[in-house]
Structure formats: C-alpha cells, structure tokens
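Undergrad: When the count follows the numbering used here, it moves up by one through the sequence shown with no breaks and lands on 469 for the last residue.
Cβ atoms here follow ideal geometry from the backbone N, Cα and C, with glycine treated the same way.
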Amino acid sequence: MTSADTVLHGVTIRPVAGPDEIALFNRLPYTINHELADDLAEQRRRPGWMWMALRGDHLLARVAWWGRGGDDVPLLLDILDMDDDAEDLTAVGQALYAEAARHVVPPGVTPPEYGRFIPANWRQDPATFRAVRARMAVVANTGAELTVERLRLEWRPGADLPTPDRRLAFRPATDTDELITLMTRALDGTLDAHSRADLAQMPAHEAAAQHYERELATYSSPRRWWQIATLGEGGEPVGFIIPARNAYHPVIAYLGVVPEHRGNGYAHGLLAEGTRILAGENVPRIRAATDLGNAPMANAFARAGYVNFERAINMAWS
Numbered sequence: 152m153t154s155a156d157t158v159l160h161g162v163t164i165r166p167v168a169g170p171d172e173i174a175l176f177n178r179l180p181y182t183i184n185h186e187l188a189d190d191l192a193e194q195r196r197r198p199g200w201m202w203m204a205l206r207g208d209h210l211l212a213r214v215a216w217w218g219r220g221g222d223d224v225p226l227l228l229d230i231l232d233m234d235d236d237a238e239d240l241t242a243v244g245q246a247l248y249a250e251a252a253r254h255v256v257p258p259g260v261t262p263p264e265y266g267r268f269i270p271a272n273w274r275q276d277p278a279t280f281r282a283v284r285a286r287m288a289v290v291a292n293t294g295a296e297l298t299v300e301r302l303r304l305e306w307r308p309g310a311d312l313p314t315p316d317r318r319l320a321f322r323p324a325t326d327t328d329e330l331i332t333l334m335t336r337a338l339d340g341t342l343d344a345h346s347r348a349d350l351a352q353m354p355a356h357e358a359a360a361q362h363y364e365r366e367l368a369t370y371s372s373p374r375r376w377w378q379i380a381t382l383g384e385g386g387e388p389v390g391f392i393i394p395a396r397n398a399y400h401p402v403i404a405y406l407g408v409v410p411e412h413r414g415n416g417y418a419h420g421l422l423a424e425g426t427r428i429l430a431g432e433n434v435p436r437i438r439a440a441t442d443l444g445n446a447p448m449a450n451a452f453a454r455a456g457y458v459n460f461e462r463a464i465n466m467a468w469s
C-alpha cells in the first residue's frame, strides 16, 4: 500500500506477488498478455518490475518492464495499461508510474525507453486514438518524448516467397569482425531512428559492436542463417541479412546495405534470402519491423509479401 491510497480514494499501488497473480494482472487486455507467464519463468520479467493500481479487486492500471533473462536492470518499459472507463484515469496512471519507477529505476539512471504495440489504424479509430494518447501522456508528463513510430510486419506461410536477386551471391557471416565492419559501414546515412540516436552518442564502430553484443549475439538460433551478400561469387560485399529467432518469434533481425551499393534494389534480394532461410525451417510466421519514415525498407518488405499487422511507438527520456 502507498500514499496513493489517500490521494486517489482507496487506490492501492503495489507489485504483483508472483506468478499466481498473472491472471489478475492480465485483466487489462494487451497483445502480449499470453507471453507474461513465460517471461516471469525465464526471468525476462520480475514480480518487482510488474506493478498494479487496484481499487478493491478492480484493476485500474498496470505497468511492467522487460529485460533479457537474468538482467538486474530492465531494458524497456513495455506495458502501461489503464481501464479507459475509470473516472480518474490520468491521475491513476500517473501515480502508478511514479511509484513503480521509484522502485524499479535506480536513482540517477535514465529510465528505460517506453515502447508499445498499437493497432495499425490507431489514428483512424477515435477510441483507440484516445487510449494510445492517454498512455503516451502519462510518460510524456514525466519528461519522455516520442522518438519513433514503427511498422510491425509479418510474412505468413502460404504467401509467395520473394523473388531472389540473381545479381547476388550469399555466404555465411562466420567472421564476426567482418560483420561488425559491414554493420559500421551500413550505419552511414541510416534512416533508422534508434541507430541515429546511438550515433549521436558514440562512434559508428562502437554503435555497431554494441548492437552486436546486446542483441545479435544473444540469439540462440543457428549462426549459419546469417548471410553476407556479394556481387556474384567472390565479389565485393553489398550488405548482410540476419534471420534469427528471438525469445518469441522467427525474425528478420537486421538488414543492411553499404552506402556505395544503395539505390540498386539490393535490400529486396537480402530480404528474399532471409525470408527463404526462415521459411525453409517451417516457421509459423516471420516478424520484422522498420521505422514509419524508412520508406525504402517499408517498400522492400511490402514487395516481399510482408503485411503491416500492427505499429509500435517508442518514447524516451533524455
């Protein structure tokens, strides 16, 4: 129980007691609710990272952070939900986030980024628009700003495989140093908002190496899936494609074309190869994402048969 009890007329703000309270926590709907029990079991979440605002047994709001298994500090605030029929919606959400963050985010540390999946048509549906904006307002009121809106994409079995690019040959990306070098080169002129934010804080090679260590190196899927594309057999590298499986889905984790080879449509060939590799594993779906403002990549995914099933917004504290 917190001081919010008196300020918000009998509202109790507290973390979940453990896995037995997942059903209570999931009374507010969200697209990843079905993942939360496994996340707790695999320590991608902790009970102390999952907080609720309750009035009696009525769940008014909830927040939760996510991290990689075994992390002591979360990497992302990815759940912030409120009962949109509650009269004191904004006040409850604000009080819940403030109290939870006080316990979860270490003093003096910039809070983890806020990310949320939202319907693809969220601006067209008035109720959805209000709900999304209400959640954004809670974190905006604490100093966070919108950094990017992203397209969430999916290729489904039964769709045609994208046509290979016969100009390209592929070989496994077995040399980590070579891959990081190509990643570094691909950051030159990138349209990706997160990459551009990294480049504002560190040199390109450091940003590439950090991305490799924090994300790519954590995948348990086979490294032989990763491919470097060259101009014909033995030709110079054009780019790379990283098909993988994260903790939830088969994904196109990363695709890059080096600057001197952009504008020639090679992204489609890279995407075709990555899609072919994963489809050959009989996966139920392939997930991917790209920034709304990255028109070349969005067009490449559309051409390859990926559908935009959802969007995501990210907000960050400076």
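1. Quick one: give me the first and last residue of the alpha helix (DSSP H) that PRO447 is part of.
2. Could you please give the first and the last residue of the uninterrupted beta strand (DSSP E) stretch that includes THR381?
3. So, with DSSP's three-state summary, where would you put ALA439?
4. Just to check my reading of the structure: ALA463 and ALA295 have Cβ atoms closer than 8 Å, yes? What is that Cβ distance to the nearest angstrom?
5. Three-state secondary structure (DSSP) at VAL167?
6. Quick one: grab the DSSP three-state call for ILE428.
7. Buried or exposed, going by whether 16 or more other CB atoms sit within 10 Å of the CB of ASP276?
8. Kindly indicate which residue of ASP229, LEU228, VAL243 has the alpha-carbon position closest to the one of ASP235.
9. Just reading off the beta strand (DSSP E) that MET466 is part of, what are its end residues?
10. Does the region 184-202 come into contact with the region 279-288, if we say contact requires no fewer than three beta-carbon pairs (one atom in each stretch) closer than 8 Å?
11. Can you name the residues that DSSP bridges to GLY407?
12. What are the boundary residues of the alpha helix (DSSP H) that includes MET334?
13. With a threshold of 16 other CB atoms inside 10 Å of the CB of HIS201, please say whether the residue is buried or exposed.
14. Leaving aside the five residues before and after THR369 along the sequence, list all residues of the same chain whose C-beta is less than 7 Å from its C-beta, in chain order.
15. Please name the residue in THR314, HIS254, GLY390 whose C-alpha comes closest to that of LEU330.
16. Suppose you measure from the CA of TRP216 to the CA of TRP273; what does that come to, to the nearest Å?
17. Indicate the three-state DSSP secondary structure (helix, strand or coil) for GLY259 in the structure shown.
TA: Here's the rundown:
1. Run containing PRO447: 446-454, per the alpha helix (DSSP H) assignment.
2. From DSSP, the beta strand (DSSP E) with THR381 extends over 378-382.
3. Looking at ALA439 - three-state DSSP - the assignment turns out to be strand.
4. No, ALA463 and ALA295 are not in contact; Cβ-Cβ is about 15 Å, not under 8 Å.
5. Assigned with DSSP and collapsed to three states, VAL167 falls in coil, not helix or strand.
6. In the structure shown, ILE428 sits in a helix (DSSP, three-state: H, G or I).
7. Taking every protein chain shown into account, the CB of ASP276 has fewer than 16 other CB atoms within 10 angstroms, so this residue is exposed.
8. Between ASP235 and the set ASP229, LEU228, VAL243, the nearest pair of CA atoms involves VAL243.
9. 458-467 is the extent of the beta strand (DSSP E) around MET466.
10. No: the two stretches stay apart, fewer than three of their Cβ pairs being nearer than 8 Å.
11. PHE391.
12. Per DSSP, MET334 belongs to the alpha helix (DSSP H) from 327-337.
13. Note on identity: in this sequence residue 201 is Met, with His being the wrong assignment. So MET201 counts as buried.
14. A distance below 7 Å between beta-carbons, with the five flanking residues on each side excluded, links THR369 to the following residues of its chain, in chain order: ARG219.
15. Of the candidates THR314, HIS254, GLY390, the one whose C-alpha sits nearest the C-alpha of LEU330 is GLY390.
16. Straight-line Cα distance between these residues: approximately 23 Å.
17. Of the three classes helix, strand and coil, the one that applies to GLY259 here is coil, per DSSP.
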